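Engineer: Provided herewith is a single structure, encoded as structure tokens, for subsequent inquiry.
In my numbering, the protein residues as written are 30 to 116.
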């Protein structure tokens with residue numbers, strides 16, 4: 030199951046962006062973050078679009094000063110959204 034989310038997210042990002050600037054490690058991390066709902070006993074908050082958009086807002090707000098850091102960490106919300114798509 031873990032490979033489905035990591036591999037699927039990486040393959041979709043590669044197919045859409047086809048850029049050498051994408052950090053696939055952050056995409057993989059983002060695709061696994063919704064699995065933290067195991068702590069709550071089932072899919073709850075992390076499996077909502079609101080959680081993925083909140084992660085995007087946090088990344089955009091905290092990386093205002095550096096464009097390269099922003100490009101790297103945008104992989105987390107992208108991977109999160111792709112987890113929801115693959116789920």
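Glycine included, each C-beta is placed from N, C-alpha and C at the ideal position. Bear in mind the structure is a predicted one, so any value in this text is a computation, not a measurement.
#1: What's the C-alpha gap between residue 64 and residue 75?
#2: Could you tell me the alpha carbon to alpha carbon distance between residue 51 and residue 69, rounded to whole angstroms?
#3: My parser needs the alpha helix (DSSP H) runs of 4 or more residues fully inside the segment 46-90; what are they?
#4: Only counting the same chain, and skipping five residues up and downstream in sequence, which positions put a Cβ closer than 7 angstroms to that of residue 85?
#5: At a cut of 8 angstroms, does the segment 76-96 reach the segment 37-45 through at least three beta carbon pairs?
#6: Once the 5 residues before and after residue 35 are set aside, which same chain residues still bring their CB inside 6 angstroms of it?
#7: Would you kindly work out how many angstroms separate the C-alpha atoms of residue 97 and residue 72, rounded to a whole number?
#8: Considering residue 111, what are the terminal residues of the alpha helix (DSSP H) in which it resides?
Structural biologist: Inspection of the coordinates gives the following:
#1: Position 35 of the chain shown holds residue 64. Position 46 of the chain shown holds residue 75. When only Cα atoms are considered, residue 64 and residue 75 end up about 8 angstroms apart.
#2: Counting from 1 along the chain shown, the entry for residue 51 is found at position 22. Counting from 1 along the chain shown, the entry for residue 69 is found at position 40. For residue 51 and residue 69, the distance between alpha carbons rounds to 31 angstroms.
#3: Taking only runs of at least 4 residues, the alpha helix (DSSP H) segments lying wholly in the segment 46-90 are 53-61.
#4: Here the question's residue 85 lines up with position 56 in the chain shown. Only 106 meet the Cβ criterion.
#5: Three or more Cβ pairs closer than 8 angstroms define a contact, and the segment 76-96 falls short of that threshold against the segment 37-45.
#6: Residue numbering aside, residue 35 sits at position 6 when the chain shown is read from its first letter. Once the five neighbours on either side are set aside, the close Cβ partners of residue 35 are 57, 60.
#7: Position 68 of the chain shown, counted from the first residue, corresponds to residue 97. Position 43 of the chain shown, counted from the first residue, corresponds to residue 72. So the alpha carbons of these two residues sit roughly 33 angstroms apart.
#8: The count along the chain shown starts at 1 and reaches residue 111 at position 82. Residues 104-115.
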